[in-house]
Every structure is written in structure tokens, then in C-alpha cells.
Amino acid sequence: MKVAGFTFIRNAIKYDYPIVEAITSILPVCDEFVVAVGSSEDETEKLILSIGSPKIKIIHTVWDESLREGGKVLAVETDKAMDAISDDVDWCFYIQGDEVVHEKYLPAIQEGMQKYALNKNVEGLLFKYEHFFGSYEYVGDAPSWYRREIRIVRKDPQIRSYKDAQGFRKAGRKLFVKQIDAFVYHYGWVKNPHYQIEKAKSFSKYWHSDQWIESKIPEIEMFDYSEVDSLKAFTGTHPQVMIPRITRQNWKFKFDFSKKKLSFKNKFKAIVESLTGWRIGEYKNYKKI
């Protein structure tokens, strides 16, 4: 069984992405790793090269700035990285620049890939998610946070990144997947508030027009983490590769659990989910088999 990791990144230093942590967190289970480095305003390529692994192959890309609907450019860049993977690969392990896998899950991930390697009916492997917000102490627990997504897929030219690169589809249909007992830790909403607002301004252009951005994103210097509906305390441990970054945290954020702002609708959904495990109206870009 041969496994390839793949990702895309641009301006990793400018927007403080934990891309090194993302790559190194899954590198032990990969035989090769393709990184699509978009033309950047910083030294993103040097940052990737600093990992120093012979498994890593960098391809250079140019983002299509005209793709300003639904985050499509992110899917295009994902596909560029996936297309550069060697033809003899069995599984393609996708990780985004703000996602990290805890080392404790690597045995289960490897076991899952081995278990379904010869079962061609299984087109992808499904991961659970923890979404950190504001600081490394809290995770989102409102129904709006997605709970699962595909992060390992077959090496198949018909499998393409879907919409804004959250998941994948094959020839336009949902993939048939198996759930594995592993989490992806999403750190996209945990960084210095200055970097967070700059990222928000930059990435909004891949979903919205200039007019929308000007009207919706005020000219402020710091992101306001207090405008969140609901969080819960994170009681686990973080991946070892994240510890240096966590110790460098240079901002403070505390969430008052008594001041959750869930709507009646979301409160009802949360109660049903806590009692049954079923999330009403949950979007699922996959078919579990």
C-alpha cells in the first residue's frame, strides 16, 4: 500500500498558517507528499522546504483571481496538488493548511487504510472534527460546525475537490466512505486577532464581490472573537507538533459559558443531538457504507 499526502498553501507566513504542523502531523504515514505552493508575498516555499523531508515534492501554482464564487479557487488548487501525486499511489491523504492530526490517531488511520485498501467499494475515509475557536482552550459546539468530512480518497482522476475544497466527489456524486476512529483538529479560527482579520479580508474575495466585502467587513485591525454563539471547553491534549505554537500564544480570549447565544432552533437541535446523536438537517457530503 502506498500513501501520498497532499495540500495547497499560499502566504502561510503572512496569515500565520500552521502549515508545517499540518504536513508533519501526517508525514509519518505518507510515502510522498505533494505541496502546491501558490505565488506568495512571503517566503512560504522556504517554510515548506525547512521541513527537510525527502518525501515532500513542491509544485508551483498561480491562483486564478477571477474565481470569486463559492471558494472555487480552493478546490482548483486542491486538484492541482492531487493531480501531481504519483500514479502508483493507493490512498491520497488530504490536509488543509490549518488542520492537524494528533499523533495518537495515526495507528487507527493506518489501520483503516490497510483494512479497506483492496475494497474498491470504499472510495474514501471519513474523519471526525474538532473546531478550535478563539484560543486553544475552546471548541465550537453549535450545530453550524461540521462534524465529519472526507480526508482520505482513492487515487482516481474522477475524484475531484468539491465546492470550496471542504470535501470530494466522484464524477459529481457523493463518495462511498467508511468512518474511521480519528479526528482532524481544525485550527483555522485560532490565531492572533490581527492575523485573523487580515485572513478574513483576503479570503472573502474568493466568495464575494468587492462591494460585499466593503459593506460587510469593517476597517478594523483586530478580529472580535467574542462574537460567537456557543463554545465548550476542550478537555483533550493537542498534537505534539502544535505545542511550540501554543506556547507562543500572545493574545487572550475567555468565553463565558453562561452567555451562550444559541437561537431557539439551535438549542432544540443541540438537545436532540445530545439525547440521540442525530443532528437535524446535517449536511453530509458523503455516503457511509
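So for the sequence shown, our numbering puts the first residue at -1; every next one is plus one.
Even glycine gets a Cβ: it sits at the ideal position worked out from N, Cα and C.
Just so we're clear, the structure is a prediction, and the values are computed from it rather than from any experiment.
Query	Result
Contact set for residue 71: own chain, Cβ-Cβ below 6 Å, skip 5 residues either direction	61, 62, 65 and 204
Endpoints, the beta strand (DSSP E) within which residue 146 is located	146 to 152
Through-space distance from residue 254 to residue 164, alpha-carbon basis	30 Å
First through last residue of the beta strand (DSSP E) which encompasses residue 233	Here residue 233 belongs to no beta strand (DSSP E), and DSSP marks it neither H nor E.
Beta-carbon separation (whole angstroms), residue 182 vs residue 124, contact threshold 8 Å	With 8 Å as the limit, residue 182 and residue 124 do not qualify as a contact, their Cβ atoms being about 10 Å apart.
Residues bridged to residue 56 [DSSP beta-bridge criterion]	33
Extent of the continuous alpha helix (DSSP H) to which residue 43 belongs	42 to 47
Three-state secondary structure (DSSP) of residue 260	coil
Neighbourhood of residue 0 by C-beta distance below 7 Å, restricted to the same chain and skipping five residues each side	29, 86, 87 and 88
Close Cβ partners of residue 97 (< 6 Å) along its chain, the five nearest in sequence each way excluded	20, 182 and 184
Under 9 Å between C-beta atoms of residue 178 and residue 99	no
Where residue 243 falls: helix, strand or coil (DSSP)	helix
At least three beta-carbon pairs within less than 8 Å, the stretch 136 to 143 to the stretch 249 to 264	yes
Counterpart residues of residue 51 in DSSP-defined beta bridges	According to DSSP, which records beta bridges pairwise, residue 51 is partnered with nothing at all.
Buried versus exposed call for residue 187 [16 or more other C-beta atoms within 10 Å across all chains shown]	buried
Alpha-carbon to alpha-carbon, residue 54 and residue 32	6 Å
Backbone CA spacing between residue 273 and residue 279 [nearest angstrom]	16 Å
C-alpha gap between residue 266 and residue 81, whole angstroms	43 Å
Residue 139 - containing alpha helix (DSSP H), residue span	No alpha helix (DSSP H) holds residue 139; DSSP gives it neither H nor E.
Anticipated Cβ contact below 8 Å, residue 162 with residue 68, distance rounded	6 Å
Three-way DSSP call (helix, strand, coil) for residue 75 in this model	helix
For residue 90, the residue or residues it bridges with in DSSP	2 and 151
Nearest-angstrom Cβ-Cβ length linking residue 268 and residue 141, presumed shorter than 8 Å	6 Å
Residue 56 to residue 158 span [Cα, whole Å]	20 Å
Residue interval of the alpha helix (DSSP H) (run including residue 197)	191 to 201
First and last residue of the uninterrupted beta strand (DSSP E) at residue 159	157 to 160
Cβ-Cβ separation, residue 2 to residue 90 (assumed contact under 8 Å), whole Å	5 Å
Residue 166 - partner residues in DSSP beta bridges	159
Residue nearest to residue 276 in terms of C-alpha spacing, selected from 146, 169, 15 and 11	146
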